[in-house]
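So the sequence shown is numbered by this note's numbering: it starts at 1 and just counts up by one.
Worksheet: the structure to be examined is printed underneath.
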Amino acid sequence: MIKKIAVLTSGGDAPGMNACLRAVIRAGLYNGKDMYVVYDGLRGLVEGQIEQVNKDFTQDIINRGGTIIRSARLPEFKQPEVSERAANILKDFEIDVLVGIGGDGTFRGLNDLAKNGIKVIGIPGTIDNDVGSTEQTIGFSTALNTICECVDKLKDTSGSHQRCSLIEVMGRHCGDLAMYAALAEGAEGVICVEHPLKEEVLFRKLRKMKAQNKSHAIILVSENLLDINELAKKIEKETGFDTRTEVLGRLQRGGSPTAEDRVLAARMGARSISIALDEKVGSRIIGIRAGKIIDLPIEEAVQMEHEHTHGLRDLIDMLQ
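In structure tokens, the structure reads:
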């Protein structure tokens, strides 16, 4: 019989993690289970930083960004002896189920624990929206809104000086943040894995805008693809546009989660507990598809790759 359930947040923090943490703990307590938190993610798990909590622990956290139980990366967790040690610690605490909120790296760690006899449930929490087993991750909505707020402000100053602004956003190897922001902001260009840079096409468009005395140009660039400072120099040389660069960086991780992220977190958190209590069901990963909360076997989910949104790319080309 399931008696004790623990929850951790791991990898990069994302707005809505606290809302999800709240849902997991409250749903577990509602069902009469002892609830525990693991501080500092997988690293804290290996160090045995596990503490029992009650409903008071979840007061006033639904609107807070970040994660109150903190997060940390532990590359060494992929070593069999490390994940085995973590599994033994959970067994020592008599934890029956571990719920982990994070991205692909977190899920791989959870899968290693599952191989060591621990029932685990993964909930996708990452601003990058790059988890293959779900259409949307907790934190994506808030990060996208943050980008749009920043771009709105940059438009004001860019237009005042007739500038081209290259704005680098996060996303790792997924261009969803860049593409969704480009659509939401009516950007003049977007550069990401799914929409690669075509220099001459971009230069030709900017030359035309400059000739028409357009007030500004906004181009969204996904991280890890190119040196935006070097591209800015090329744009100035080829188009005559005064060009500036902005790297939004970890600003995108912060802030109070949107209502969309809070509701998604609540739905996924509650689903994790329903699975935790079903002793006939093994380790699973939670997701959302076509508006419905789903769950998949963890060994299947960790093999799934993020589907590139080519339809979104075509829509961007049409509307630019």
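Backbone N, C-alpha and C fix where the C-beta goes; we use that ideal spot for every residue, glycine too.
Just so it is clear, the structure is predicted and the values come from calculations on it, not from any experiment.
- Inclusion of residue 139 and residue 127 in the CB contact set at 8 Å is warranted, their separation being smaller than that value.
- By the Cβ rule, the stretch 263 to 279 does not count as touching the stretch 239 to 254, because fewer than three pairs are nearer than 8 Å.
- Burial is judged here by how many other beta carbons sit within 10 angstroms of a residue's own beta carbon; residue 15 has at least 16 and is buried.
- When 179, 213 and 121 are compared, the shortest CA-CA separation from residue 162 is found for 213.
- A contact between stretches requires three or more CB pairs, one per stretch, nearer than 8 Å, and the stretch 102 to 116 meets this requirement with the stretch 85 to 92.
- Using a C-beta cut-off of 8 Å, the stretch 195 to 204 makes no contact with the stretch 145 to 157, since fewer than three inter-stretch Cβ pairs fall below that distance.
- Shown here, residue 197 sits in coil according to DSSP, grouped into three states, outside any helix or strand.
- Under the criterion of beta carbons closer than 8 Å, residue 222 and residue 193 qualify as touching, at roughly 7 Å.
- In the displayed model, residue 80 falls within a helix according to three-state DSSP.
- Inter-residue distance for residue 191 and residue 258 is about 26 Å (C-alpha atoms, whole angstroms).
- DSSP places residue 247 in the uninterrupted beta strand (DSSP E) bounded by 242 to 247.
- Here residue 46 has 74, 77, 82, 85, 86 and 89 as same chain residues with Cβ atoms under 8 Å from its own Cβ, once five neighbours each way along the sequence are excluded.
- With respect to the C-alpha of residue 285, the residue from 208, 195, 275 and 182 having the closest C-alpha is 275.
- Ranked by Cα distance from residue 56, the first of 23, 70, 40 and 305 is 23.
- Judged by their CB atoms, residue 99 and residue 272 are nearer to each other than the 8 Å cut-off.
- Counted as a single uninterrupted DSSP element, the beta strand (DSSP E) harbouring residue 164 occupies residues 163 to 169.
- The three-state reading of DSSP puts residue 209 in helix, counting H, G and I together.
- Note on residue 51: under 16 other CB atoms within 10 angstroms of its CB, so exposed under the neighbour-count rule.
- Annotated three-state conformation of residue 192 is strand, per DSSP.
- Rounded to the nearest angstrom, the Cβ distance from residue 306 to residue 224 is 15 Å, too far for a contact under 8 Å.
- Its Cα nearest to that of residue 295, the residue 133 stands out among 53, 133, 59 and 252.
- About 5 Å separates the beta carbons of residue 270 and residue 27, which is inside the 8 Å limit, making them a contact pair.
- Pairing residue 59 with residue 25, the inter-Cα distance amounts to about 11 Å.
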